[in-house]
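Take the sequence shown: its position 97, counted from the start at 1, is 97 in the UniProt record's numbering, and no numbers get skipped.
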Amino acid sequence: MRNRYNQGQPVDFGNDVHLAAVLLKTFLRELEEPIMTFDLYDEITQFQSLPKDERPRHVMDRSDLNKMTSSNLSVVFGPNLVWAQTGQLSLSAIGPINMFTDFVLTHQDQIFII
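1. Using a Cβ-Cβ cutoff of less than 7 Å, which residues in the same chain neighbour V59 once the five nearest sequence positions on both sides are dropped?
2. Excluding the five sequence neighbours on either side, which residues of its own chain have a C-beta within less than 8 Å of the C-beta of K25, listed in chain order?
3. Write down every uninterrupted run of the alpha helix (DSSP H) in the UniProt domain "Rho-GAP" (1 to 114) whose length is 4 residues or greater and which is fully enclosed by it, in chain order.
4. Here's a check: name, in chain order, each residue in its chain whose Cβ is nearer than 8 Å to the Cβ of A20, leaving out the five neighbours to either side.
5. Leaving aside the five residues before and after S90 along the sequence, list all residues of the same chain whose C-beta is less than 8 Å from its C-beta, in chain order.
6. Which same chain residues, not among the five before or five after D42, have their C-beta less than 8 Å away from its C-beta?
Here's what the structure looks like:
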């Protein structure tokens, strides 16, 4: 499926949203540098030092149906958006990275202004 997609051939995801998610995660993981660049890594891992009342608490719009709160989505996508230049993901960095991703998801309307 991945090869077909990479070659620009049509891919029928049907009703399998998991397949689309796996392809997206694989694409993000195989980038030479994460979308949240190496230069941002130290700042992102310091994100947990923000006061608790500034941490995101909102849930994604349809989480009542799909159980994918911003927190759950951050667990899925955080490690695929940010990693250290060494390529190693330390256990101590997982929490801050997921919290940062949660924040970005929660505040996407303010962050990504078109």
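Where a beta carbon is used, it is the ideal one built from N, C-alpha and C, also for glycine. Note that the structure is predicted; figures quoted are calculated from it, not measured.
Once the coordinates are examined:
1. Because V59 carries a pLDDT of 44, less than 50, the predicted location of this residue cannot be relied on, and no value is offered for it.
2. V76, F77, N80
3. 2 to 6, 17 to 29, 41 to 45, 63 to 66, 70 to 81, 91 to 106, 108 to 111
4. F13
5. A84
6. none
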